[in-house]
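Respectively, the protein sequence lines represent chains S and B. Using the working numbering, read the first sequence as starting at 54 and increasing by one per residue. Using the working numbering, read the second sequence as starting at -2 and increasing by one per residue. This report concerns only the one structure given below.
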Amino acid sequence: MRAVASKKPPQRHARQELEGFDRLYRDHVDLIYRYAHRLCGETEAAKDLVQETFLNAYQGLKDFRGESKISTWLYTIASRACIRMRRKRKGEPEHELSLEEFVPTSEGEFRLQIPMDGLSPEEALQNKELREALDQAINKLPKKYRMALALHDMEGLSAKEVGTIMGVNERAIKSRLHRARLFVRRELSARGITQHDNQKSGGSRS
Amino acid sequence: MTKKKTAARKKRPGLSSHHHTHSEGQCVDLLRQLSAYIDDELPSDICREIRRHLGACPNCEVFIASLQQTVTLCRHRPAPELTSVERTNMRRMILDAVGAR
């Protein structure tokens, strides 16, 4: 006797699957691209990550039970895919950041400053040098710290949500976030960008 | 029973300076908690202690301002957007890959 498992005609099933995917893609591709770009720091790698994420999502969509928000689910897939892809590319060991390395050892280090006196963040980021320094600092972060920073401070998720996505507890996320911020602060401050540069590059866009 | 409860200082996240005569250790204690302070996650008595410390320690005041600025810059960091052609092309490539697997 033949198996009696088919409830829907396969073509209809495939069409429904495609419609579900298209809805998911349409509503979330921009969100995931933005996140991917924040993780990868460049366009082509970000696009690869988006494709990998939605490919995995397509295959997992039928099993998604709605226990978390769909965006949380996609962030999780993207984060895991990012870890896999980077491992494949570089095989680099994950560098840990210790708090001790951020303890200033001189008065000067305490007082390093970021040049944004009296400017709104948008205005400050018109400074090409500052913008590039920020990008470089974030790209230099080991990825688990970069992920925590991107999800919390850039995507605006709570530490609890970031913990769900990264599979660790809230406390660990806060610790990573704190170290990531201290790292970026130090990188930015150490660049010695001045207000003067700000006017220079803000006025004339090259 | 002697009142040797000074051991309670060991892990207490707060700062215990009352005057300008703070030690470097207090600055380091503060450094550990700065993100929690910026994110407004600390109990009010500890926040008060931190504010008192900041008032007396220009180094920490500048440090916290620069960390706050770092967070603000991250929050406003611009991100590029996809064009509609890129969106369409990527969708096609994903669906091709689904078919291929």
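Positions of the beta carbon are idealized from the N, C-alpha and C atoms, including for glycine.
- Non-local C-beta neighbours of A131 (chain S) in its own chain, meaning closer than 7 Å and more than five positions away in sequence, comprise I85, Y88, A89, L102 and T106, ordered along the chain.
- Residue contact check for M138 (chain S) against chain B: no CB pair falls below 9 Å.
- Judged by beta-carbon spacing, L70 (chain B) lies beyond the 9 Å limit of L150 (chain S), meaning their Cβ atoms are not closer than that value.
- Here the stretch 152 to 168 of chain S does not lie against the stretch 31 to 45 of chain B, with fewer than 3 beta-carbon pairs under 8 Å apart.
- Under the DSSP assignment, P40 (chain B) falls outside any alpha helix (DSSP H); it carries neither an H nor an E label.
- Here T217 (chain S) has S121 and T125 as same chain residues with Cβ atoms under 7 Å from its own Cβ, once five neighbours each way along the sequence are excluded.
- Taking a C-beta distance under 9 Å as the contact criterion, C54 (chain B) and C24 (chain B) qualify as a contact pair.
- Taking a C-beta distance under 9 Å as the contact criterion, S63 (chain B) and L241 (chain S) qualify as a contact pair.
- Contact with chain S is found for A33 (chain B), since one of that chain's Cβ atoms lies less than 9 Å from the residue's Cβ.
- Linking K213 (chain S) to R29 (chain B) through their CA atoms gives a straight-line distance of about 20 Å.
- The beta carbons of R232 (chain S) and I167 (chain S) sit no closer together than 9 Å.
- Classified as buried, Q66 (chain B) has 16 or more neighbouring CB atoms from the shown chains inside 10 Å of its CB.
- Residues of chain S with a Cβ closer than 8 Å to the Cβ of H73 (chain B) are, in chain order, P174, E175 and L178.
- Burial state of N192 (chain S) is exposed, judged by a 10 Å Cβ sphere holding fewer than 16 other Cβ atoms.
- Annotated three-state conformation of S32 (chain B) is helix, per DSSP.
- At a Cβ-Cβ threshold of 9 Å, E208 (chain S) and R91 (chain S) count as neighbours.
- Residue environment: H50 (chain B) is assigned as buried (16 or more neighbouring CB atoms within 10 Å of its CB, all protein chains considered).
- Remark: C-beta atoms of Q104 (chain S) and M87 (chain B) approach each other more closely than 9 Å.
- Residue contact with chain B for P195 (chain S): absent (no Cβ-Cβ distance below 9 Å to any residue of chain B).
- Annotation: the continuous alpha helix (DSSP H) that includes D188 (chain S) extends over K181 to K193.
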